[in-house]
Amino acid sequence: MKSIRRVQHLISIMLLIFFGVFAFLIYKLQTEAGFYISNASKVSMGFVYDRNGDVLFDPDADAQIYGSDYFVDIGNLIGDDSRQMTNTLVAQNIGTLANFSFMLGEQEDGQSAIHCTLDHKVNRKVYDAFGVKNGCAVAYNYLTGEIYICFSKPSVNILNHYEDLATLENGSLICRVFQPTVPGSTQKISTTIAALESMGYENLISKSYDCTGVYLNQDAKEIKCHKSAGHGIQNITEAFANSCNPFFAQLVEDPDFPLDDIQKTYEKMGYLVNAEGKQKYLDVNGISAYTASTTLESKTDFNTQWGCMGQGETLVSPLQLMVWQSAIASQTGKCTYPYLIDHTVKVNGTPANQAETKYSGQMFSELSAGYMREIMLDNGRKNYAGLLPGSDVGVKSGTAQIGNEKTENSLLVGFVDDESFPIAFCIEIDNRVTGEVSTNDIAKVLLKNLHESFYPAPDEE
Amino acid sequence: MYQNRLSYVHVVVLLFATHLSMLATVFIRGGILEVPAFLKLIAAVIGLDVGYLLITLIYQQMTYTLDFMLLCLLNMSLIFQSCFGGVNLSVRHLISCVMSLAACEAGFLLTRNHEWIRRKKPYIYAVIALLFISIIFFTDNQKKWITLGSFSIQPSEFIKPCFVLVCAASIVELHEKVKILFFWVSKDTILLCIVTALILALQWWCHDLGSLPTFAAIFFCSLVCRLCYPKAKVSKRGIALMCAAGALILLAAWNFAPEYVQKRLHVDIWADRYGDGYQQCEALIGIAKGGWLGVGAGNGSLCKIFAHESDIVFATICEEWGLLYAFLTVALILIMLMTVLMNPPKSYYHATMTAGVTAAFLAQMGLNIFGSCNLIPFTGVTLPFISEGGSSMLTCGFLVGMLKAGQSPLFLHKSAKKKKQKAVKTS
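Protein chains in written order, with the working numbering: chain A, 748 to 1208; chain B, 812 to 1238.
See below:
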């Protein structure tokens, strides 16, 4: 009888496993029903609002109500329910927006909605500041993770209902904030952090290398500096502010800075190094954002050195560049994950899914974060003093050579050193030409308008 | 000794109440296009109920629980199938239900005596061999169906009860072990392993990957039963070796699966909505449309989708009758399998057979329900008792008969029984 009881136990286990999976299926069907039904046909959809209650998505939007280009700055970020774009907030949260419940079915007068952290007015002002130039910008609260500004230009005007698809510029249907780009000298932040982690501040600050304009590396390849006359002998703080390529080439070659250490720090920061493993992505409320990738072969290899300076095969998304600022600005070495959805509203009007601040694991030490912060603030004070009057801003600029060095994209990443205005940002301008609008100009507009939004003048309140 | 929790009268009342309430639901919420068609359905359901209950009165058994449950399920299935896309009696499914009930009795009578089955074991192997030959030489291009006029038979379905029987019938030979290399094994176990390997290879060759996990589940149960067998005395080394072999086979199957299998394993149904993910997407949308209470029998839209009455029948029921009804139907099948926990099998042969039948039903239900709902790869197998298909219904009926045999066993052969009675009289 004992053995028969064992068989009964086996049957009980099988039945329990089946029942458990079946219960999970019922839960899944019930919670994802909104998504399924929104794929079926034209189902009543809710709205998306910004942090001030401005509409960012209206399923029945038309130009007469909103104006012909009202949604143009957020076209490829918020998107719509037409399924033309997939990596957008609406496409990824279409189930949440569907006015549908599994119990009651479709509700024409349902109250489903998404409330975003974006500030549409400021977003639009910064978008307009780009003028005729293309590029992207993203800014967030590095203490909470709320994204205030996020757009990519060229964008798409969803009110045109994709009738102008043939004439749209390349890249209009994707928000490039989440796409990989060549980081240029903003990569020197990661390399400096790796050096701080490997050598420690005292050892690193004691290192000084000479820049004569061109450095012949150990493989006899030329590393050119943007200042052809050279910067002379510099330490890390000076070289970071000067964005000196020969200094960083010599730093990578330094015997005190093993390649393994660079690789370890890069990997902790989210890089995919030498294509070993799977590319990592950040998840912003369903929107998938590239992190970073690079190739590190040998300390004396030109491409490795070039990669450590943000050229060659190194790719980083503007979002990731901004997110690293949170670990530096907060001096914790842990990133604050960004989010776009503050909360949602269910079909019956009940608020749900209130956002919570989440942090990454330890990417680098608090000590390295603190020193990196000082180096960036020093650069900000020396070279970008007027970005936000009254506040210190830690900054690093970069110039990324794209397409056989024919065009140069300009980048600027940084953070405001103020706990009451904790903003980190990344700005990128395509094919920047001297004399035209610069990342510096855009940063000023971005910080000024965001500050005004944070602390409105008394008459505006 | 045998526990029938409910009296015959109570169960009859419950049975009629279930079917009448379903018919009332069809009348109130269903898409009845023609009243005569609906009346035909009522007549068929009530007729089947009354007819089978009368038969059970004639054929005296130790327990009726499974008979009632099977009848309840089959008539529910008849109502479901007759209402897809509009209320109209499915005569084909009615015939399948009658055949399933007959198969249940056949399964019961053929498998309840373990001594008899043990003696007939070579014939079971012969039946399996015949089914093998029929699959290899007489099936269609897909290597699944034998077409006879307007009927189609799926021979691989009939291998399932035979395989369960072989697994159960060979268990008593475990104490007759011989040493091969370092291991003590019984000849029957070796033969069973060979048959299992051949069946799995045949399923792989036929591209019938839906049935493959069902056979694997039956074999797994039989293996565990062998390990639990008092005279088995399997060493820890043996168990470890078996686990390692199983893991290796799984890994190899996963890595070396052909392209069409890999595609099924990794398909993103929403990205390929009008390609490989079409049926599953439509099934999920249908379930969402149905909600908890459904859109009404015959009012669904899934009836336009291919295999709505078989492979994605769970979703079709969800859409028309609601997830609540679908849940109750699945729960009824699970309760039917749970009866074995209330009325334990009386021999190890019956216990192994019961475990094999349970594994077969659960594997097939899991593949159908979880596959159509995109929890696991979609394989296109039938849902026991509910899906349309004569071969499947016959097999399910036979398997329930085997479950029943586990609860109403016969230990003595008739001639032995007579001899015993004679001896008692003379003494």
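Every residue gets a Cβ at the ideal spot worked out from N, C-alpha and C, and that includes glycine.
Given the structure is predicted, the values throughout are model-derived calculations rather than measurements.
- For the segment 752-783 of chain A, the residues whose beta carbon sits under 7 angstroms from a beta carbon of chain B are, in order, R753, V754, Q755, L757, I758, S759, M761, L762, F765, F766, V768, F769, L772, I773, L776, A780, Y783.
- Interface annotation, T1169(B): in contact with chain A, CB-CB separation under 8 angstroms.
- For S967(B), the enclosing alpha helix (DSSP H) has its first and last residue at 966-980.
- Taking 8 angstroms as the upper bound for CB-CB distance, E1175(A) and G822(A) are not in contact here, some 18 angstroms apart.
- Judged by DSSP in its simplified three-state form, G1133(B) adopts coil rather than helix or strand.
- According to the DSSP assignment, F794(A) belongs to the beta strand (DSSP E) that extends over 794-796.
- Rounded to the nearest whole angstrom, the C-alpha separation of L912(A) and V924(A) is 21 angstroms.
- Here E1000(A) is buried: its Cβ has 16 or more other Cβ atoms, across all protein chains shown, within 10 Å.
- DSSP lists Q1148(A) as the bridge partner or partners of E1155(A).
- Between the segment 872-887 of chain A and the segment 897-917 of chain A there are three or more inter-stretch CB-CB distances shorter than 8 angstroms, so the stretches are counted as touching.
- Judged by DSSP in its simplified three-state form, P1098(A) adopts strand.
- The beta-bridge partner set that DSSP reports for C897(A) consists of V885(A).
- When 8 angstroms is used as the limit between beta carbons, K1100(B) is near these residues of chain A: I784, A787, G852, in chain order.
- Residue pairing by DSSP places Y962(A) opposite I970(A) in a beta bridge.
- In this structure, the alpha-carbon of G1105(B) lies about 28 angstroms from that of S829(A).
- By the neighbour-count criterion, in which a residue is buried when 16 or more other Cβ atoms sit within 10 angstroms of its Cβ, A1012(B) is exposed.
- Between G858(B) and A1108(B), the C-beta gap is not smaller than 8 angstroms, which leaves the two residues out of contact.
- L1186: these are the residues of the segment 1185-1201 of chain B whose beta carbon lies less than 8 angstroms from some beta carbon of chain A, given in chain order.
- Put simply, of A1204(A), A860(A), T938(A), D827(A) the residue whose alpha carbon is nearest the alpha carbon of K789(A) is D827(A).
- For a Cβ distance threshold of 8 angstroms, residue set Q755, I758 of chain A lies close to V1151(B), ordered along the chain.
- Inside the segment 1104-1184 of chain B, DSSP marks whole alpha helix (DSSP H) runs of 4 or more residues at positions 1124-1132, 1134-1153, 1159-1183, from first to last along the chain.
- Out of T922(B), T1206(B), F1181(B), the CA that lies nearest to the CA of K775(A) is found in F1181(B).
- Under the rule that a run must span 3 or more residues, the beta strand (DSSP E) segments found entirely inside the segment 1050-1136 of chain A read 1081-1083, 1088-1092, 1106-1109.
- Sequence-distant partners of W1103(B) (beyond 5 residues in either direction) whose C-beta falls short of 6 angstroms from its own C-beta, in its chain, are G1133, L1134, L1135.
- At a cut-off of 8 angstroms between beta-carbon atoms, G1088(B) makes no contact with chain A.
- When secondary structure is reduced to three states using DSSP, Y783(A) falls in the helix class.
- DSSP, read as helix, strand or coil, puts A913(B) in helix.
- Closest by C-alpha distance to M1147(B), out of F879(B), P847(B), W1081(B), is F879(B).
- The secondary-structure analysis by DSSP pairs A1036(A) across a beta bridge with L1029(A).
- Counting C-beta pairs with one atom in each stretch, the segment 1078-1090 of chain A and the segment 1021-1035 of chain A have three or more that are closer than 8 angstroms, which means they touch.
- In this structure, Y962(A) sits away from A860(A), with a CB-CB distance that is not shorter than 8 angstroms.
- Inter-residue distance for G1101(B) and C894(B) is about 15 angstroms (C-alpha atoms, whole angstroms).
- Counted as a single uninterrupted DSSP element, the stretch harbouring V929(A) is not any beta strand (DSSP E), since DSSP gives it neither H nor E.
- Here P806(A) has M792, D828 as same chain residues with Cβ atoms under 7 angstroms from its own Cβ, once five neighbours each way along the sequence are excluded.
- Under the three-state reduction of DSSP output, H908(A) falls in the coil class, being neither helix nor strand.
- The three-state reading of DSSP puts K1143(A) in strand, counting E and B together.
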